[in-house]
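Worksheet for the structure shown next.
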Ligand code: LLP
């Protein structure tokens, strides 16, 4: 839950003193409800933790908030105000950055298939860096920059072969994925040269490219620092070797995002300070071992900043009960009834695709009132025409939950609104930000008119 979320005496969830019934009254449901102060605090905490850990190594860390997790103009401006930079990965995200007045060194561009228009737009905005994903793209960026008589600041995205899972990682020799330049020696037709090295050699040969350094992103929702540390070691080794071989200096190293958050009580992510410390220890000792000046470190957290700042508010509609056994490994409790209740809400996979896409787990609570009814095994489902349209797979909700009640699902700040759709012609929910006891819309919810706007009607039939 975001800081500032509480239950009042009537059992109503409040955020910064604003009750969910007020929010529903004013903005309707479903609704994303975000704490602005919590967002700002988490952004600052991340920056402070990494700055502190890396202070003696490279004077601090540049934190690029990963806009893909959730971006709108208000959020982009908070990011800038809190001293973070912004990572974008499309022309659309650049457009939001432009609206928020973010440009120059505070902005980066990612993407494995940037269009010429996006590259030009990035150069127009005097972008701090373009993270180049392939040899193909490097050549294209070089040509475009050269035709404009400019120099593009470039980082090379490498795949260090670290496969990060939540609790484990395995190092592999070869990469088989669409992102990045492989560090494996036989990864290009050029005998003995890795795609990564070929890119370094090419980048240093283009007059229109300024090679800032190297980048990697090993995955997302990662709890243990080990994978980040191994990736840092690998990239530093490669950076040192390339600096020596090509007589260059690459002043920057980006270690990507991927820091995990708790979605349910079983998730136990490490605090940012602990991860930062583990990464700093590795960077410090590896640079000493390689005898190189440590590059300036940057990171790109998205989920860890925005994920927990937001909950989704839904209204309960129809209910039905199905006979099932107790969930595996769980003992039947006396005060629990085990027929499972399907609790339908007024949104679903169109505002949170993560359960259906990634089997993601969430939790939910009754948000509009107190209840002394016994907990009942419930499954919160959406209103879409798919049986996989599940919001929360298993949760114990009071047995008297009924139509008209409000449910709140925490942890929906990252990759929920961002991945939302109009499936079944549902309007995408708005996003409300609460600060100092007042709520304001930062993204308007769609209306039926919005939904019909792009439908050309019969005019062109
Ligand atoms: N940097 C790069 C290059 C990335 O590709 C990503 C995420 C990030 C940073 C931010 O990662 P974060 O700190 O948010 O984990 N839709 C999926 C997650 C996709 C992540 C894509 N890239 C989900 O909902 O779990």
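In our numbering, the protein residues as written are 103 to 563. Don't be surprised by glycine CBs; every beta carbon is placed ideally from N, CA and C.
Option in the options with minimal Cα separation from residue i
{"i": "residue 475", "options": "462, 498, 481", "result": "498"}
{"i": "residue 441", "options": "468, 481, 466, 417", "result": "481"}
{"i": "residue 175", "options": "555, 132, 544, 561", "result": "544"}
{"i": "residue 533", "options": "112, 201, 515", "result": "515"}
{"i": "residue 423", "options": "229, 400, 225, 479", "result": "479"}
{"i": "residue 413", "options": "493, 211, 184", "result": "493"}
{"i": "residue 129", "options": "368, 530, 559", "result": "530"}
{"i": "residue 325", "options": "495, 371, 186, 402", "result": "371"}
{"i": "residue 210", "options": "417, 200, 332, 231", "result": "231"}
{"i": "residue 379", "options": "337, 416, 331, 338", "result": "331"}
{"i": "residue 522", "options": "488, 134, 127", "result": "134"}
{"i": "residue 344", "options": "225, 253, 142, 304", "result": "304"}
{"i": "residue 536", "options": "116, 563, 391, 112", "result": "116"}
{"i": "residue 212", "options": "104, 256, 228", "result": "256"}
{"i": "residue 221", "options": "108, 242, 466, 288", "result": "242"}
{"i": "residue 383", "options": "106, 159, 142", "result": "159"}
{"i": "residue 362", "options": "468, 296, 320, 399", "result": "320"}
{"i": "residue 505", "options": "465, 546, 443", "result": "443"}
{"i": "residue 120", "options": "542, 368, 327", "result": "542"}
{"i": "residue 226", "options": "233, 366, 252", "result": "252"}
Beta-carbon contacts of residue i that lie in its chain and below 7 angstroms, excluding the five residues immediately before and after
{"i": "residue 162", "result": "153, 156"}
{"i": "residue 204", "result": "178, 182, 188"}
{"i": "residue 275", "result": "Since pLDDT at residue 275 reaches only 36, below the 50 mark, its modelled position is unreliable, and the value read off the structure follows with that caveat. Here the set comprises 263, 286."}
{"i": "residue 216", "result": "239"}
{"i": "residue 472", "result": "112, 113"}
{"i": "residue 389", "result": "338, 396"}
{"i": "residue 490", "result": "458"}
{"i": "residue 351", "result": "345"}
{"i": "residue 470", "result": "114, 122, 123, 507, 508"}
{"i": "residue 333", "result": "262, 264, 318, 320, 357"}
{"i": "residue 109", "result": "115"}
{"i": "residue 548", "result": "529, 530"}
{"i": "residue 559", "result": "none"}
{"i": "residue 228", "result": "205, 206"}
Same chain, Cβ closer than 6 angstroms to residue i, five either side skipped, listed in chain order
{"i": "residue 397", "result": "315, 353, 354, 355"}
{"i": "residue 301", "result": "237, 240, 258, 283"}
{"i": "residue 462", "result": "456"}
{"i": "residue 214", "result": "235, 280, 281"}
{"i": "residue 196", "result": "190, 223"}
{"i": "residue 270", "result": "Note that residue 270 scores a pLDDT of 46, beneath 50, so its modelled location is shaky; the value from the coordinates is reported in the next line. No residues qualify anywhere along the chain."}
{"i": "residue 402", "result": "166, 168, 189, 358, 359"}
{"i": "residue 244", "result": "308, 310, 311"}
{"i": "residue 346", "result": "none"}
{"i": "residue 551", "result": "none"}
{"i": "residue 268", "result": "Residue confidence for residue 268 is low, a pLDDT of 46 falling below 50, so the modelled location carries little weight; the figure read from the coordinates is stated next. Same-chain partners within the cutoff: 325."}
{"i": "residue 99", "result": "Within the shown structure, residues of the chain are numbered from 103 to 563, placing residue 99 beyond reach of any answer."}
{"i": "residue 131", "result": "415, 416, 417, 448"}
{"i": "residue 425", "result": "441"}
{"i": "residue 512", "result": "103, 413"}
{"i": "residue 540", "result": "none"}
Close beta carbons around residue i, own chain, < 8 angstroms, minus the five adjacent residues each side
{"i": "residue 520", "result": "170, 171, 172, 173"}
{"i": "residue 445", "result": "418, 421, 480, 481, 482, 483, 499, 503, 509"}
{"i": "residue 452", "result": "484, 486, 522, 523, 524, 525, 526, 528, 530"}
{"i": "residue 193", "result": "217, 219, 220, 223"}
{"i": "residue 375", "result": "151, 154, 155"}
{"i": "residue 140", "result": "104, 105, 106, 410, 411"}
{"i": "residue 184", "result": "142, 145, 146, 149"}
CB contact check: residue i to chain D, cutoff 8 angstroms
{"i": "residue 200", "result": "Of the chains in the structure shown, none is chain D; there is only one protein chain."}
Identity of the residues DSSP links to residue i by a beta bridge
{"i": "residue 512", "result": "413"}
{"i": "residue 477", "result": "500"}
{"i": "residue 399", "result": "163, 355"}
{"i": "residue 136", "result": "412, 535"}
{"i": "residue 423", "result": "443"}
{"i": "residue 528", "result": "Per DSSP, none; premise fails for residue 528."}
{"i": "residue 521", "result": "DSSP, once it has assigned bridges, lists no residue as partnering residue 521."}
{"i": "residue 117", "result": "107, 120"}
{"i": "residue 470", "result": "114"}
{"i": "residue 168", "result": "189"}
{"i": "residue 492", "result": "483"}
{"i": "residue 543", "result": "534"}
{"i": "residue 361", "result": "324"}
{"i": "residue 418", "result": "447"}
Near the ligand GTP: residue i beta-carbon under 7 angstroms from a heavy atom
{"i": "residue 125", "result": "The model on display carries the ligand LLP but not the ligand GTP."}
At 3 residues or longer, what runs of the beta strand (DSSP E) sit wholly inside the stretch 181 to 266? 187 to 190, 209 to 211, 231 to 234, 254 to 261, 264 to 266
Entirely enclosed beta strand (DSSP E) segments - the stretch 270 to 353, minimum 3 residues: 271 to 273, 311 to 317
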